[in-house]
Structure formats: structure tokens, C-alpha cells
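Below is one structure, written out as C-alpha cells; the observations come after it.
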Amino acid sequence: MAKMKALICRECGKEYPTEALHVCELCFGPLEVKYNYDEIKEAMPRASVEAGPKSLWRYKELLPIEGGPTVGLHAGMTPLVHAKNLGSFLGLDELYIKNDCVNQPTLSFKDRVVAVALTRARELGYETAACASTGNLANSVAAHAAQAGMQCYVFIPGDLEAAKVLGNLIYRPKVVEIEGNYDDVNRLCSEIAGERRWAFVNVNIRPYYAEGSKTLAFEVVEQLGWRAPDQVVVPMASGSLLTKIWKGLNEFKKIGFLKDVSTKVNGAQAEGCSPIATAFKAGRDFFKPVKPNTIAKSLAIGNPADGYYALKTTMESGGAMEAVTDDEVIEGIKLLAQTEGIFAETAGGVTISTLRKLVKQGAIKKHDVTVAYITGNGLKTQEAVVDSVGRPFRIPPSLVKFEQTFGQQGAA
Amino acid sequence: MTKLRFHIRFPEEKIPEPVIYQIGHEYQVVTSIRRADVRATTGWMDVEFSGETEEIERAIAGLRNKGVLVDPIELNVVE
Ligand SMILES: Cc1ncc(COP(=O)(O)O)c(C=O)c1O
Ligand SMILES: [Zn+2]
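The listed protein sequences correspond, in order, to chains A and B. First residue of the first sequence: 0, per numbering that gives the first Met the number 0; consecutive thereafter. First residue of the second sequence: 0, per numbering that gives the first Met the number 0; consecutive thereafter.
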């Protein structure tokens, strides 16, 4: 029997074959992958995971592919850092940073989802990869497609900054700039995805793509010595990552790797785009779409596909959600860099400042084993901090001037 | 013939209006509602439109003119 049982509708439960489908024909609800956990339990003893490759593919039994991995062989298994400095600053004994700033090859957690999406897309016979994206997703799809020898289309809004466009062009995909406002671009991309026989990773391949995020839960459990954290703090754009971390933890319970899962799953957004966190704080089970206005561009999804499911997940797990201002985002980036030497992008600033808020509110406590997910690299969003990091000391080439500036002992 | 699926949202003041019925009359499109949640102050529907592509695009523009918000069924696909 195959380990993937079916695609199943999250709303009405109708099952579909494991093809490139993403919407239920009956109720238009989203589809997700359903597995044979008994089968997987047999095929995946802990020892075989521990002896597996140093990548997310060590958990391939719990990923939606039929054969072996073919795209993105080096994604995952990023460091879990015991953040003693930041922990003591915040008053936490056991704070860990899951550092996906150094994920391979494009330095964000998107390399996980794209590795899984394109491996599955090739199994399904696709030769062209596509996505609509303003940042991390496009980088990752373009890079993986180049390596895998796939055709690649990247759709971007017409008003994107030059540096971001370049980050895609270097891999030589077909970059298509679409004129019009955000809603027009969004709708056209959905229609193109419906028209072409392409692997549009976050549209028709989305049920497979999204599963890649579970590996952020699997790795943390293994890296903590096969225990689940008490608290996780997760940045939210579509909300998919947050729901999949919860799914991953519960799958480890299903196959016997964890006795119990009592992890509280906390969600983080920027105030300038916080439809999910705002709904949570208002006690609503539905969110109101917003027009994003924040420096945290990688999280700026105003009408998030998994927003409803993210709300459900956080409620079910007993977690909380918070939103932080753009100034707090910058402070968060600086705090992480200056305590732990990790330079995160704006999404990381959102996570760290949300963590800080949740500690202050008492939602996360001193003894809680806490994991903050840092999902992208700061070198990609330098414009966010360029005005708040100060300037170098400028001196003439003279030892006297140097000592006048820094004193005899070298302290400024 | 094209089939396109949309998630449409109604502002509070549009909730009592038979918007979907009107669209079916004003444009050469067939509408099929699959899921909906209409409450006192908010309402949404997941709807399939079938017809010629151009006519569907005109119907969507017509809905927007009425103040109704129209998104693809996947919501935001630009990440
Ligand atoms: C750096 C970074 N972190 C987090 C996210 C959030 O992912 P999701 O859309 O699964 O909520 C994104 C995605 O867009 C991202 O680029
Ligand atoms: Zn369904």
C-alpha cells in the first residue's frame, strides 16, 4: 500500500487521487494530503531517521512523494541554536532559534516547500515550474528550477524594487511583470495557473508544497532530543507554515515518536498586515482581509489562504497571537543580531518582537522550552534596517587618531 | 466555455441584495454557489462562473462596480 492515501478536502472530507489538484470539486474547499500512518510507522523507525541524510529528506516517509527526492537535496536540517544570550535578556531559560536564514540554496524556509513541491511535480510529469511572488518564493522556485533543468515562469507585480527582480533574473527564469493593482495581478495569476499545464507550486501543487513546512516541526523535535517544545512562535503570511508545524508535531505522535503533544503554537504578524492576529485577539473564527502596509513584505498577505485554519490551530493548541509595529520589527532584527549573531530578514524581526510581547504578557513563561522560527535571511531585506544601524567610525590613517577615538585600551 | 471559481465578499449594505441573481441576468454567465456564510454584518460565497472568458471578466467587473469584492478561490496566490 502507498504511504500517501489520498488528497482530502479540509471542508467536506471528500477524497481525491494524489494528482495535481488543490480545490474540492464539490465544495471548493482546499485539499490536503492524507497518509497511511500505520504503513509509515513500520517504514520509519527512529534509527533510520537518525541515519538518514542531513537534510529534510531524512523524513521522506512523511513527505508527499512516491519515489526518492530529486529536487532540493540540501534543504533543511538547519541549526537549532540554544539562544542563551537572548534567552537571558528575555527571561527565558530554554529559548531556541530555528535558524532557517541558512537554509539551502536560497536562504529562506521556502527552500523546504519548493524542494517538496518540485520533487512531486516531476513525479507528476511536469516540465515547467511557476509561481507568483514578490520575494523568497520566487528566488527559491527559480533557483531549484535552474538546477533541475525545468522551464520556469515567475510572475511579479509591475512595481517591484529592482533588487528583488534581479534576485530572480540571475537564475534566468521567464520573469513576467504584470501591470495593474495587486488584486488584478493576483486574479490573473490564479487564472493562468488554471489554464496551463504547469506546476504552479503554491496553486495547483499547493497540497504537496505546503507539506514541506512540516519538516520545521520534525527537525526541532529531533534536535531537542526527541521532545516537543512547550511553545513555538511562528511568523504568518498565508498561515500555512503555522498549521503545518502543528500537523508535523501530531504526526510524530501518530507514528510513536512523541508520547504527547502539548505544544502551544503562537502566531506572529506585523501590525501593517495582521488579518489573522487581529481576528484571534478579537476572538473571531474568521478574519477580515486587509491592504498590507508594512516593511515585513514577506509576510504581507492581506487575504491569507490558510488564515482560517491558522486561527483554528492556535486555538486548539492553546497558543496566542500578536502583531508588532514596524519599529518593533527593526528592534527585533537588531536584538537577534546583537545577542545571537543571527541576521534575520523582517519576518524574523516580527517573530522576535512577538516573542518578546508574549513573554511580557505572561503567555510564555521562564521555564517553557520555547522555539522561535527564524525563516529568512537579513541580507535580503537590508533596506529595512539601513537607516537604523548607525555609521562606521571614520578616522585618518593615524595611530594617534585611533587612540584618541578608542582610548589606550581599545574601548570606545 | 470557461469555468472560473471565485471567493466573493459582500459589504454589509449589499447583504440584503440579490447580487448573484442580478449578475446572472445582466451577463451571459451561469453561477453555481458551492459554499457560503452570510451573517448579519459579513457575508461570503464560493461561486463558480461558467461562460465565455470575456463575459466572465465583464461579470466580475460588474460585481466590483456593485461594491462586491472578488478574489480567486485560492485567495492570495502572490506570496
Ligand atoms: C521569510 C518568510 N517567513 C514566513 C513566511 C510565512 O509563510 P506562510 O505563508 O506559510 O504563513 C514566509 C512566506 O511567505 C516567508 O517568506
Ligand atoms: Zn469539499
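Ideal Cβ placement from N, Cα and C applies to all residues, glycine included. Keep in mind the model is a prediction, meaning the values are calculated, not measured.
Going by DSSP in three states, P104 of chain A sits in which element: helix, strand or coil?
By 1-based counting over the first sequence, the position of residue 104 of chain A is 105. If DSSP states are grouped into helix, strand and coil, P104 of chain A belongs with coil.
Rounded to whole angstroms, what's the CA-CA distance from H81 of chain A to Y95 of chain A? Just pull it up for me.
Residue 81 of chain A sits at position 82 when you count from the first residue of the first sequence. Residue 95 of chain A sits at position 96 when you count from the first residue of the first sequence. Cα to Cα, H81 of chain A sits roughly 5 Å from Y95 of chain A.
Taking 7 Å as the cut-off, is the C-beta of A235 of chain A nearer than that to any heavy atom in ligand 1?
If you number the first sequence from 1, residue 235 of chain A lands on position 236. As written in the sequence, residue 235 of chain A is Met, which differs from the Ala given in the question. Answer for M235 of chain A: yes, Cβ within range of ligand 1.
Which residues does DSSP pair with C23 of chain A in a beta bridge?
The residue labelled residue 23 of chain A in the question sits at position 24 within the first sequence. DSSP, once it has assigned bridges, lists no residue as partnering C23 of chain A.
Just to confirm my understanding: we take G317 of chain A, look at its own chain, exclude 5 residues before and 5 after, and list those with CB closer than 6 Å. What are they?
As a first step, residue 317 of chain A is located in the first sequence; it is residue number 318 there, counting from the start. If we look at G317 of chain A and ignore the five residues flanking it on each side, its Cβ neighbours are K263.
Mind listing, in chain order, the continuous alpha helix (DSSP H) runs of no fewer than 4 residues lying wholly within the segment 25 to 76 of chain A?
36 to 42 and 45 to 49
Please state the DSSP three-state secondary structure of I14 of chain B.
The residue labelled residue 14 of chain B in the question sits at position 15 within the second sequence. Here I14 of chain B sits in coil by DSSP.
Hey, does P303 of chain A have any beta-carbon neighbour from chain B nearer than 8 Å?
By 1-based counting over the first sequence, the position of residue 303 of chain A is 304. Chain B, which has a Cβ nearer than 8 Å to the Cβ of P303 of chain A, makes this yes.
Would P15 of chain B be called buried (16 or more neighbouring beta carbons within 10 Å of its own) or exposed?
Within the second sequence, residue 15 of chain B is the residue found at index 16, counting from 1. Looking at its Cβ environment, which holds fewer than 16 other Cβ atoms inside 10 Å, P15 of chain B is exposed.
Below 8 Å between beta carbons is the criterion; list the residues of the segment 62 to 75 of chain B that meet it against any residue of chain A, in chain order.
L68, V69, D70, P71, I72, E73, L74 and N75
Touching by the beta-carbon criterion (3+ pairs, under 8 Å), the segment 148 to 166 of chain A and the segment 220 to 231 of chain A:
no
Hey, L68 of chain B and I7 of chain B are a contact pair by Cβ (cut 8 Å); roughly how many whole angstroms apart?
Counting from one through the second sequence, the residue named residue 68 of chain B turns up at place 69. Counting from one through the second sequence, the residue named residue 7 of chain B turns up at place 8. The pair is a contact, with the Cβ atoms about 7 Å apart (cut-off 8 Å).
Please tell me whether E78 of chain B has its Cβ less than 8 Å away from any Cβ of chain A.
Mapped onto the second sequence, residue 78 of chain B falls at position 79. Interface residue, yes.
Is the distance from the Cβ of G348 of chain A to the Cβ of I332 of chain A below 8 Å?
As a working note, residue 348 of chain A is residue 349 in the first sequence. As a working note, residue 332 of chain A is residue 333 in the first sequence. In contact: G348 of chain A and I332 of chain A (Cβ atoms closer than 8 Å).
What is the DSSP secondary structure of G377 of chain A, reduced to helix, strand or coil?
If you number the first sequence from 1, residue 377 of chain A lands on position 378. Reduced to three states, the DSSP call for G377 of chain A is helix.
Closer than 7 Å to a non-hydrogen atom of ligand 2 - does that hold for the CB of E10 of chain A?
Along the first sequence, one-based indexing puts residue 10 of chain A at 11. Answer for E10 of chain A: yes, Cβ within range of ligand 2.
Is L25 of chain A near ligand 2 - that is, is its Cβ less than 7 Å away from at least one heavy atom of it?
The residue given as residue 25 of chain A occupies position 26 in the first sequence. It does: the Cβ of L25 of chain A is within 7 Å (strictly closer) of some heavy atom of ligand 2.
Could you tell me whether any Cβ in chain A is nearer than 8 Å to the Cβ of R34 of chain B?
Counting from 1 along the second sequence, the entry for residue 34 of chain B is found at position 35. Closer than 8 Å to some Cβ of chain A, the Cβ of R34 of chain B qualifies, so yes.
In chain A, what lies closer than 8 Å to R57 of chain B by C-beta?
Along the second sequence, read from residue 1 onward, the residue named residue 57 of chain B stands at position 58. Those within 8 Å of R57 of chain B in chain A number zero; the least Cβ separation is about 14 Å.
Does the beta carbon of N302 of chain A fall short of 7 Å from some heavy atom of ligand 1?
Locating residue 302 of chain A in the first sequence gives position 303, counting from the first residue. It does not: the Cβ of N302 of chain A is nowhere closer than 7 Å to a heavy atom of ligand 1.
Compare the Cα-Cα distances from P303 of chain A to each of A:S237, A:P291 and A:L354 and report the closest residue.
Translated into the one-based positions of the first sequence, residue 303 of chain A becomes position 304. For the residues A:S237, A:P291 and A:L354, the minimum Cα distance to P303 of chain A belongs to A:S237.
Listed from N- to C-terminal order along the chain, which residues in the segment 114 to 144 of chain A have their beta-carbon within a distance smaller than 9 Å of any beta-carbon of chain B?
C130, A131, S132, T133, G134, N135, L136 and A137
Are the CB atoms of V233 of chain A and N265 of chain A nearer to each other than 8 Å?
Counting from 1 along the first sequence, the entry for residue 233 of chain A is found at position 234. Counting from 1 along the first sequence, the entry for residue 265 of chain A is found at position 266. Yes.
One or two residues paired with I177 of chain A in a DSSP bridge:
Position 178 of the first sequence, counted from the start, is the residue given in the question as residue 177 of chain A. In the DSSP output, where bridge partners are listed per residue, I177 of chain A has A:P156.
I want to see whether chain B comes within less than 8 Å of P274 of chain A, judged by CB atoms only; does it?
Along the first sequence, one-based indexing puts residue 274 of chain A at 275. Answer no: the Cβ-Cβ gap between P274 of chain A and chain B never drops below 8 Å.
Is Q230 of chain A buried or exposed, if buried means 16 or more other CB atoms sit within 10 Å of its CB?
Counted from its first residue, the first sequence places residue 230 of chain A at position 231. It is buried - the Cβ of Q230 of chain A has at least 16 other Cβ atoms within 10 Å.
Could you name each continuous alpha helix (DSSP H) segment of 4 residues or more that falls completely within the segment 176 to 237 of chain A, going from the start of the chain to the end?
181 to 194, 205 to 210 and 214 to 222
Taking Cβ to Cβ, would you say A74 of chain A is nearer than 8 Å to N98 of chain A?
Here residue 74 of chain A refers to the residue found at position 75 when the first sequence is read from its first residue. Here residue 98 of chain A refers to the residue found at position 99 when the first sequence is read from its first residue. It is not a contact, given that the beta carbons lie outside the stated cut-off.
Pick from A:S189, A:G71, A:T350 and A:N249 that is closest to T374 of chain A, judged by C-alpha positions
Taking the first sequence and counting its residues from 1, one reaches residue 374 of chain A at position 375. Closest by alpha carbon: A:T350.
For a contact defined as C-beta to C-beta under 7 Å, what are the partners of N201 of chain A on chain B?
Taking the first residue of the first sequence as position 1, residue 201 of chain A is located at position 202. Those within 7 Å of N201 of chain A in chain B are V76 and E78.
What residue ranges within the segment 307 to 332 of chain A form continuous beta strand (DSSP E) runs of no fewer than 3 residues, ordered along the chain?
320 to 323
Where S49 of chain B falls: helix, strand or coil (DSSP)
For the purposes of this step, residue 49 of chain B is taken as residue 50 along the second sequence, with counting starting at 1. Looking at S49 of chain B - three-state DSSP - the assignment turns out to be strand.
At which residues does the alpha helix (DSSP H) containing K359 of chain A begin and terminate?
The count along the first sequence starts at 1 and reaches residue 359 of chain A at position 360. Here the alpha helix (DSSP H) through K359 of chain A covers T345 to K359.
Whose CA, out of A:V140, A:V112 and A:N249, lies closest to the CA of E210 of chain A?
Position 211 of the first sequence holds residue 210 of chain A. Selected option, being the one with the closest Cα: A:V112.
Candidates B:E78, B:F9, B:G61 and B:R57: which alpha carbon is nearest T40 of chain B's?
By 1-based counting over the second sequence, the position of residue 40 of chain B is 41. Nearest of B:E78, B:F9, B:G61 and B:R57 to T40 of chain B, Cα basis: B:F9.
Nearest chain B C-beta to N376 of chain A closer than 8 Å, yes or no?
Here residue 376 of chain A corresponds to residue number 377 of the first sequence, with the count starting at 1. Answer no: the Cβ-Cβ gap between N376 of chain A and chain B never drops below 8 Å.
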